[in-house]
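Student: Taken in order, these protein sequences are the chains called E and B.
With this note's numbering, letter number 51 in the first sequence gets 36, and the count goes up by one each step, no holes.
Throughout, this note's numbering is defined as the position within the second sequence, counted from one, plus 223.
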Amino acid sequence: MSPIKNNIVLVILLLLTGIPASAQDLLQILEEEQPEQLRYADATFKTTRITFGHSVESRKKGILEIFVANRFWDGPAQRSQSFFADRLSTRLALEYALSDRLSTGLGGTTWDGLFDGFLKYRLIRQSAGKEGASVSVTLFQNASYYSEGVSDPTIEDTFTDRLSFTTQALVASRVNRNFSLQLAPTFVHKGLSYYGEPSRNHFALGVGGRYKLGQHLSFVSEYYWLLNPADSPKTYGPFSIGVNWELGDVMLQFMLTNAVNMVEEAFITGTRNNFNFRSPNLNFGFNFVYVIHFRRNLRD
Amino acid sequence: MNKFIILVYFILVTGQQLVAQKYIARQGRIALFSYTPVENIKAENNQVLSIIDLSKGRIAVSMLMHAFIFEKALMREHFNESYVESDIYPKATFEGEIIDFEPLLAGEQTRIIKGNFTMHGVSQELEIKAKINYVDDGYQLSGNFEAIVDDYHIKIPPLLAGNIAKVISVDFKFEYEPYQE
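1. Looking only at DSSP bridge pairs, what is E/E50 linked to?
2. Please state whether the Cβ-Cβ distance between B/S305 and E/Q200 is less than 9 Å.
3. For E/F37, write down the residues that DSSP places opposite it in a beta bridge.
4. Can you tell me which of the three DSSP states E/P170 falls into?
5. May I ask you to list, following chain order, the residues of the segment 286 to 307 of chain B that have a beta carbon less than 9 Å from some beta carbon of chain E?
6. Excluding the five sequence neighbours on either side, which residues of its own chain have a C-beta within less than 8 Å of the C-beta of E/R24, listed in chain order?
7. So if I threshold CB-CB distances at 9 Å, which residues from the segment 15 to 43 of chain E count as touching chain B?
8. Let me check understanding here. Comparing Cα to Cα, which of B/S365, B/L255, B/Q363 lies closest to B/V372?
9. So, does the segment 267 to 280 of chain B touch the segment 311 to 331 of chain B, judging by three or more C-beta pairs under 8 Å?
10. Could you check whether the Cβ of B/V284 sits closer than 9 Å to any Cβ belonging to chain E?
11. Establish whether the CB of E/Q200 and some CB of chain A are separated by less than 9 Å.
12. Find the nearest neighbour of E/V288 within the set E/N229, E/P61, E/G102, E/P20, judged by alpha-carbon distance.
13. CB-CB under 8 Å to E/A6, same chain, minus the five flanking residues each way: which ones, in chain order?
14. Suppose the cutoff is 8 Å on Cβ atoms and the five residues either side in sequence are ignored; what does the same chain contact list for B/V390 look like?
15. Would you list the one or two residues that DSSP bridges to B/L349?
16. Helix, strand or coil for E/D146, going by three-state DSSP, please let me know.
17. Short of 7 Å in beta carbon distance, which residues of its chain neighbour E/N266, apart from the five on each side in sequence? Order them along the chain.
18. Compute the distance between the beta-carbons of B/F317 and B/T341, then report whether it is under 9 Å.
19. To the nearest whole angstrom, what separates the beta carbons of E/T220 and E/G191, a pair I think is in contact under 8 Å?
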């Protein structure tokens, strides 16, 4: 072999060794090195409620929410001398996340005298990618105790008669970055209440949605369709439209609704007026949620 | 002669594999700090990827925004949802050059890294001072820089302007090992 040929072979060999080292862009290499991670769709809703009803969302472990829900409405009288509104009902509650999936809460409402507690468990979380679940599912169970007197003196009641239960499977999907939709098949066991009607079981289907108007503001609406309403007194499905606004550790919810009550079985089965803008049908709702983090870790 | 060429070739090839051209860091750490009189916010990402090409003195960094962990869990949601919009811009990247980098210099050297940092879909040219340490066939790189929130078109609502600093301090630390292609 001639020296020239030898040199050519050498050059070719050197080029071959050089090529794989420089052909790739550095960011391209990092792209390939990035491990695949399953990501959940965050913030299907920003708050644990859509308006009056629970959303699939729960808080992360160690978060306590101080939950103050208010409803303001007017009486049927034409003239009234009340300041701002004739009636006010407030539900004060503490809601705590025991884990990222399980949360619980205890509350009391002024106007209807209901004390309630609930457990909420995030069963399935929607994935943000193509693989994994396409919906989130959260199971909800509450119990409430009716603490007010009963109008009919002939009715004998016991502690268990005054308990009501609501069971829900909340199924929601974050359809796109702005729009989320939730369906809520619901079973209600309604205990004793003011009118003294016997306890009975109800089935209902809730529909709710949110549309993000901005980074911190979203439009929300919710409706519960009661499949077997009681004949007397006549009830209507609770409906609401409103906006949710988040401000750091504070969440504010504003809504217009026909539902006076704030505990699940009470507003699903006991809303006595249909939704319109007349008194006393129209309620203005204002929820204030303050979030306290008891767990502050820079690790997952 | 032929044997000699093949010998030279193998020396070159194996030599190249022994002295790696690229070094990678798979668990780089980036910490963000926002100091305001109202609130101090701290976040950390321990899964930052970075690679150095010694032959050209080039460096690249890539991080998933969703991997930042905040002291307050709710802040992580706000960070991804409302500020960096990680559904649209999942990554922040940096690509640049370590100026006057001397790969074989033992011990510590302080160098300027010049390049483009891209976050929230916006690229900014940065010059970052970094310490580079050559130890046990690996490199350590650390330093910090400041990022102006407004430069990356990240909107902070007026009501929260007091809670989030206008300039975020960014600390970084990478430990590189030879990269096998």
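All C-beta atoms in this analysis are idealised placements derived from N, C-alpha and C, irrespective of residue type, glycine included.
Here the structure is a predicted model, which means the values were calculated and not measured.
Tutor: Walking through what the data contain:
1. E/E80, E/V276
2. Against a cut-off of 9 Å, the Cβ pair of E/Q200 and B/S305 comes out as a contact.
3. Beta-bridge pairing links E/F37 to no other residue.
4. strand
5. L287, H289, A290, I292, F293, E294, K295, A296, L297, M298, R299, E300, H301, N303, E304, S305, Y306
6. S112, A113, G114
7. L15, E16, E18, Q19, P20, Q22, R24, A26, D27, A28, K31
8. B/L255
9. yes
10. yes
11. Absent from the structure: chain A. Protein chains present are E and B.
12. The structure shown does not extend to residue 288 of chain E, since chain E is modelled only from -14 through 285, so no value can be given for it.
13. Residue confidence is low: E/A6 scores 45 on pLDDT, short of 50, so the model does not pin down where it sits. Its coordinate-derived value is still stated next. Here the set comprises nothing.
14. E369, A370, I371, V372
15. B/G338
16. helix
17. N243, N258, N259, F260
18. Less than 9 Å separates the beta-carbon of B/F317 from that of B/T341.
19. That belief does not hold up - the Cβ atoms of E/T220 and E/G191 are roughly 15 Å apart, past 8 Å.
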